[in-house]
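Working notes for the structure below.
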Amino acid sequence: MSSSIRQDHSRFRNIVKGMIKKNLKKYITHGEMIGRKGKELVSIPIPQIEIPRFRYGDKEQGGVGQGKGEPGDAIAGGEPEEGDEPGQGEAGQGEGKHDLEVELSLAELAEILGEELQLPKIEPRGHKTLKSKVDKYTSIASQGPNSLRHFKRTFKEALKRQIASGVYNPDKPMIIPIKKDFRFRSWKSDVKHENSAVIIYMMDVSGSMGDEQKEIVRTEAFWIDTWLRSQYKGIETRYIIHDATAREVDEDTFYRTRESGGTLISSAYKLCESLIDTHYPPSEWNIYPFHFSDGDNWSGEDTKLCLEMMQNSLLPKVNTFCYGQVESRYGSGQFYKDLAAYFGENHEEVLLSRIENKEGILQSIKDFLGKGK
Amino acid sequence: MAYGFDSSDLTPELKRVRDEIEGYARGYGLDFFDTIFEMIDHDQMNAFAAYGGFPVRYPHWRFGMDFDQLSKGYEYGLQKIYEMVINTNPSYAYLMKSNTMVEQKTVMAHVFGHVDFFKNNYWFSKTNRKMLDTMANHAVRIRSLMEKLGQEKVEDFIDRVLAIENLIDPFAPFAPSPRADLRTSARTDSDDEVEREAGRLKVDRGYMEKFINPPQYLAEQKVIAAEQAKKELKNPPSPMKDVLAFLLANAPLQPWEHDVLAMLRDEAYYFAPQAQTKIMNEGWASYWHSKIMTTKALKASEVIDFCDSHAGTLVTQPGRLNPYKVGIELFRDIEDRWDRGAFGKEFDECDDLRVAANWDKKLGLGRQKIFEVRKVCNDITFIDQYMTADFCERQKLYNYGFNKRTNQYEIIDRDYKKVKEKLLFQLTNRGQPFIYVTDGNLGNKGELLLWHKHMGMDLDAKWTKETMRSLAAIWKRPVNLETEVENQKKLYTYVPAVDGLGEDDFSEKLT
Numbered sequence: 003m004s005s006s007i008r009q010d011h012s013r014f015r016n017i018v019k020g021m022i023k024k025n026l027k028k029y030i031t032h033g034e035m036i037g038r039k040g041k042e043l044v045s046i047p048i049p050q051i052e053i054p055r056f057r058y059g060d061k062e063q064g065g066v067g068q069g070k071g072e073p074g075d076a077i078a079g080g081e082p083e084e085g086d087e088p089g090q091g092e093a094g095q096g097e098g099k100h101d102l103e104v105e106l107s108l109a110e111l112a113e114i115l116g117e118e119l120q121l122p123k124i125e126p127r128g129h130k131t132l133k134s135k136v137d138k139y140t141s142i143a144s145q146g147p148n149s150l151r152h153f154k155r156t157f158k159e160a161l162k163r164q165i166a167s168g169v170y171n172p173d174k175p176m177i178i179p180i181k182k183d184f185r186f187r188s189w190k191s192d193v194k195h196e197n198s199a200v201i202i203y204m205m206d207v208s209g210s211m212g213d214e215q216k217e218i219v220r221t222e223a224f225w226i227d228t229w230l231r232s233q234y235k236g237i238e239t240r241y242i243i244h245d246a247t248a249r250e251v252d253e254d255t256f257y258r259t260r261e262s263g264g265t266l267i268s269s270a271y272k273l274c275e276s277l278i279d280t281h282y283p284p285s286e287w288n289i290y291p292f293h294f295s296d297g298d299n300w301s302g303e304d305t306k307l308c309l310e311m312m313q314n315s316l317l318p319k320v321n322t323f324c325y326g327q328v329e330s331r332y333g334s335g336q337f338y339k340d341l342a343a344y345f346g347e348n349h350e351e352v353l354l355s356r357i358e359n360k361e362g363i364l365q366s367i368k369d370f371l372g373k374g375k
Numbered sequence: 075m076a077y078g079f080d081s082s083d084l085t086p087e088l089k090r091v092r093d094e095i096e097g098y099a100r101g102y103g104l105d106f107f108d109t110i111f112e113m114i115d116h117d118q119m120n121a122f123a124a125y126g127g128f129p130v131r132y133p134h135w136r137f138g139m140d141f142d143q144l145s146k147g148y149e150y151g152l153q154k155i156y157e158m159v160i161n162t163n164p165s166y167a168y169l170m171k172s173n174t175m176v177e178q179k180t181v182m183a184h185v186f187g188h189v190d191f192f193k194n195n196y197w198f199s200k201t202n203r204k205m206l207d208t209m210a211n212h213a214v215r216i217r218s219l220m221e222k223l224g225q226e227k228v229e230d231f232i233d234r235v236l237a238i239e240n241l242i243d244p245f246a247p248f249a250p251s252p253r254a255d256l257r258t259s260a261r262t263d264s265d266d267e268v269e270r271e272a273g274r275l276k277v278d279r280g281y282m283e284k285f286i287n288p289p290q291y292l293a294e295q296k297v298i299a300a301e302q303a304k305k306e307l308k309n310p311p312s313p314m315k316d317v318l319a320f321l322l323a324n325a326p327l328q329p330w331e332h333d334v335l336a337m338l339r340d341e342a343y344y345f346a347p348q349a350q351t352k353i354m355n356e357g358w359a360s361y362w363h364s365k366i367m368t369t370k371a372l373k374a375s376e377v378i379d380f381c382d383s384h385a386g387t388l389v390t391q392p393g394r395l396n397p398y399k400v401g402i403e404l405f406r407d408i409e410d411r412w413d414r415g416a417f418g419k420e421f422d423e424c425d426d427l428r429v430a431a432n433w434d435k436k437l438g439l440g441r442q443k444i445f446e447v448r449k450v451c452n453d454i455t456f457i458d459q460y461m462t463a464d465f466c467e468r469q470k471l472y473n474y475g476f477n478k479r480t481n482q483y484e485i486i487d488r489d490y491k492k493v494k495e496k497l498l499f500q501l502t503n504r505g506q507p508f509i510y511v512t513d514g515n516l517g518n519k520g521e522l523l524l525w526h527k528h529m530g531m532d533l534d535a536k537w538t539k540e541t542m543r544s545l546a547a548i549w550k551r552p553v554n555l556e557t558e559v560e561n562q563k564k565l566y567t568y569v570p571a572v573d574g575l576g577e578d579d580f581s582e583k584l585t
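The listed protein sequences correspond, in order, to chains A and B. Sequential numbering from 3 applies to the first sequence in my numbering. Sequential numbering from 75 applies to the second sequence in my numbering.
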């Protein structure tokens, strides 16, 4: 009986997903529209899913209320809502005036992102050394604790033995298990190979990176997270900020900090490398460093150092190295050019992207994740 | 039993309680259909509520959306549906499994109030009491259409129809058929032996002719008759509020579309009286659950729990009118006034406030009066006839509106007349705009012309466009709407793309 409401519900969910897909660009561009709800859920406002009606304009309407207050007093609680009163079922009569907020799991969101941007599934690097052990009670043993005793099998054994020894009497079926008849449930250890991944975000927080640039980084990071999380189980994220020196921070600080000093990109790469060396042996981890900056570096000398570090110590360890250059009025954008000149625009492991403004986020996500690495 | 209903799943204790409450209700003179109570869990309750109380509806995503919202509201503890009852004979009511015993008692008393109302209120007298079967049939038919034609196609059409589902005339079931009227008047005319000139009055004495039928009068009558004839050629002859009926008769519909439209129209008419009597219906049911519980059914140990849930039902929020609260208070006020004889000419003309306040003729007509009111009134006549200045003041009713200067909703005034006027306006046509079909062949080009009867408030432009899109998809030719925006007459035109080529066009012009 209630399976039909499940069908209607999944139909509704499909329509919602379709709408999100259609408007994905808008949601990506305006990252603030997506609200986090706990660890696994996001809530997304969906416009215009309601069935239209001829109706009066909102502000025209007004109405009659009940309670205290003098003429001219604002109505507490803000905008009055028409809504469903409790009680009599009369669904479909209430006319909500707000956008509908729907909840989606991050996995569903990632799926939509993947389909819309046609992101290939990530091929984890060949090593599958991280093992996880899962115990499953799938077998039978002749030894074990009483709490795991398998009655049916025990009696079967007893029956077998009694028939074999001729003790069994069909007219008076009495089965008495003895010790060697006892059977117990037992487990098998299933070893699973898992691919773990770590994302290391690095960001330039020197004076030239303004709030708008950080907002772009934040939005892009959310989508990258969402996608990579759907590809790997147990993903970790680390955050590094740098100006002339680099330090590791938590997520919140990562987006909020603004320094005014100069910029030495190599400081971040050094820290990144040491993080990898101490915590994430490449044989067990898929490693994704993302670096966002406005492209200014203190000196050509430092840039040279960076390039060398990438070539010699970072690239052999990571899946891909992603560099996103957020365009800012103050930045020269030189670093992108240097990277492009050194590695070429279409390098397999060094992915470069220029993000001019919020509109560019979508393309940038595609640049980074479109390779399936 | 059909639909998986089985009243026998009530526990023996609940059965006993039901019989007890039913006894009290009958004792008070409530007169209801047999009522079958069904125990369900919150998930089923949410599903049924999404289905408008019915266990089976045709497949449609909006039920899923309502279910989504209800379930979320329940999970977050924001709302909980205690009871639900459907207007059928026998009537089915649902009890939530998780309700406490005192809640179940209250719900049962409340339900008997509703069913008494369904059975006896005049505005429900034309509803289909076998709606459970009808809904199930609709579900089967629409499902089979979907299997044959594809879910998307049928669902799209349903979406379109739902956009105009409210364009019906809830009073139509009570009116004699206007078409029949026309025919009878036409026959008397032709029965007349002498073919009379239009409007010419019968003259027995020839010399009176030029006094009774002066030339000027005859000329006027000719014009009127010509207009009348033109009108009758027009389809519809006069503005028609039941737009769905007009579409059924005139729109170029596929047989299956016709079928779906007819079914949805039936459902809309079925639900209409519930919207017309929301305040009364809830007020009446609350009045009786309160009466039965406080005078008969409540045990001392249950008083606090009852008060808690009762108060929750009657809670008022700023900017919102709780129909339960207004309804129950108005019924109580009527009962009190008719008990005291505080009505009629003598009372109305009494200027002495103290005398009026202590007015008591010991008539004791209150109970009788409220039963009468529940029989004949709907929300509009209920408020119009029985809401007094005194009541308005005691209930702290106010008018609110949007202040563009401060950008917020504010209390405008507490003037009794204005409050009442506003409330009546909101109840009229369920607070929705009046839309009529005025011409089904505008400009002899097969275009549809609608007319919004402007009553001081403009239409929401964005929603109007979307709704006209749906209408145009059904009509398959351009659709026009006459309305008024900021005191200027306007004509909206929606031109659908021909055979899916090109784009739809929406335009507006001042007229």
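Each residue gets a CB set at the ideal place from its N, CA and C atoms; glycine is no exception.
Comparing C-alpha distances from His244 (chain A) to each of A:Tyr234, A:Trp225, A:Ile267, A:Phe224 shows the shortest one belongs to A:Ile267. Just so you know, the alpha carbons of Glu420 (chain B) and Asp278 (chain B) end up roughly 52 angstroms apart. Residues of chain B with a Cβ closer than 8 angstroms to the Cβ of Gly64 (chain A) are, in chain order, Asn473, Tyr474, Gly475, Phe476, Tyr483, Ile486, Lys496.
A distance below 7 angstroms between beta-carbons, with the five flanking residues on each side excluded, links Asn202 (chain B) to the following residues of its chain, in chain order: Thr208, Tyr344. Residues of the segment 394-406 of chain B with a C-beta atom less than 8 angstroms from some C-beta of chain A are Arg394, Leu395, Asn396, Pro397, Tyr398, Lys399, Val400, listed in chain order.
The beta carbon of Asp304 (chain A) sits no closer than 7 angstroms to any beta carbon of chain B. With a threshold of 7 angstroms between beta carbons, Lys365 (chain B) makes no contact with chain A. Note on the segment 91-154 of chain B: whole alpha helix (DSSP H) runs with a minimum of 4 residues are 116-124, 135-149, in chain order. Counting of Cβ neighbours within 10 angstroms places Glu87 (chain B) among the exposed residues, the total staying below 16. Taking C-beta atoms under 8 angstroms as the contact rule, Cys308 (chain A) and Tyr271 (chain A) qualify, at a distance of about 6 angstroms. Cβ contact annotation for Trp330 (chain B) (same chain, cutoff 7 angstroms, sequence separation greater than five): Leu219, Leu223, in chain order. Ranked by Cα distance from Lys27 (chain A), the options A:Tyr58, A:Glu222, A:Gly74 are led by A:Glu222.
With respect to the C-alpha of Ser172 (chain B), the residue from B:Tyr148, B:Thr368, B:Gln442, B:Val559 having the closest C-alpha is B:Tyr148. Taking every protein chain shown into account, the CB of Asp316 (chain B) has 16 or more other CB atoms within 10 angstroms, so this residue is buried. Contact annotation: in the segment 151-162 of chain B, residues whose CB is within less than 9 angstroms of a CB in chain A are Gln153, Lys154, Ile155, Tyr156, Glu157, Met158, Val159, Ile160. Every unbroken stretch of the beta strand (DSSP E) spanning 3 or more residues and falling wholly within the segment 300-372 of chain A is given here in chain order: 323-328, 352-357. Contacts with chain B (Cβ-Cβ distance below 9 angstroms) from the segment 8-40 of chain A involve Arg8, Gln9, Asp10, His11, Ser12, Arg13, Phe14, Arg15, Asn16, Ile17, Val18, listed in chain order. Residues of chain A with a Cβ closer than 7 angstroms to the Cβ of Ser383 (chain B) do not exist; the shortest Cβ-Cβ separation is about 10 angstroms. In the structure shown, the three-state DSSP call for Gln506 (chain B) is coil. For Trp330 (chain B), no chain A residue has a C-beta closer than 8 angstroms to its own C-beta; the minimum C-beta separation is roughly 20 angstroms.
In the three-state scheme derived from DSSP, where H, G and I count as helix and E and B as strand, Leu219 (chain B) is classed as helix. The beta carbon of Ile77 (chain A) falls within 7 angstroms of a beta carbon belonging to chain B, placing the residue at that interface. The distance from the Cβ of Tyr132 (chain B) to that of Arg234 (chain B) is about 15 angstroms, inconsistent with a contact at the 8 angstroms cut-off. Counting only the Cα atoms, Asp382 (chain B) lies some 11 angstroms from Val176 (chain B). A direct Cα-Cα distance of roughly 10 angstroms separates Trp287 (chain A) from Glu238 (chain A). If you look at His244 (chain A), you'll find it in the beta strand (DSSP E) that goes 237-244. In terms of Cβ geometry, Ile48 (chain A) and Leu102 (chain A) form a close pair [threshold 7 angstroms].
Secondary structure note for Leu236 (chain B): it is in no beta strand (DSSP E), and the uninterrupted alpha helix (DSSP H) holding it is 225-237. Taken in chain order, the whole beta strand (DSSP E) runs of length 3 or more contained in the segment 504-541 of chain B are 508-516, 521-527. Around Ser107 (chain A), no beta-carbon contact reaches into chain B at under 7 angstroms, the shortest distance being about 14 angstroms.
Close to Glu110 (chain A), with beta-carbon spacing below 7 angstroms, lies no residue of chain B; the smallest spacing is near 14 angstroms. With contacts defined as CB atoms closer than 7 angstroms, Ser330 (chain A) and Gln233 (chain A) fail to qualify as a contacting pair.
Proximity of chain A to Phe137 (chain B) at the Cβ level (cut-off 7 angstroms) is accounted for by Ile7, Asp10, in chain order. Nearest Cα to Asn240 (chain B) within the set B:Val569, B:Glu582, B:Gln506, B:Ile548: B:Gln506. Under the three-pair Cβ rule at 8 angstroms, the segment 322-339 of chain B does not count as touching the segment 365-376 of chain B. In summary, Trp537 (chain B) is buried, with 16 or more beta-carbon neighbours lying within 10 Å of its beta-carbon over all protein chains present.
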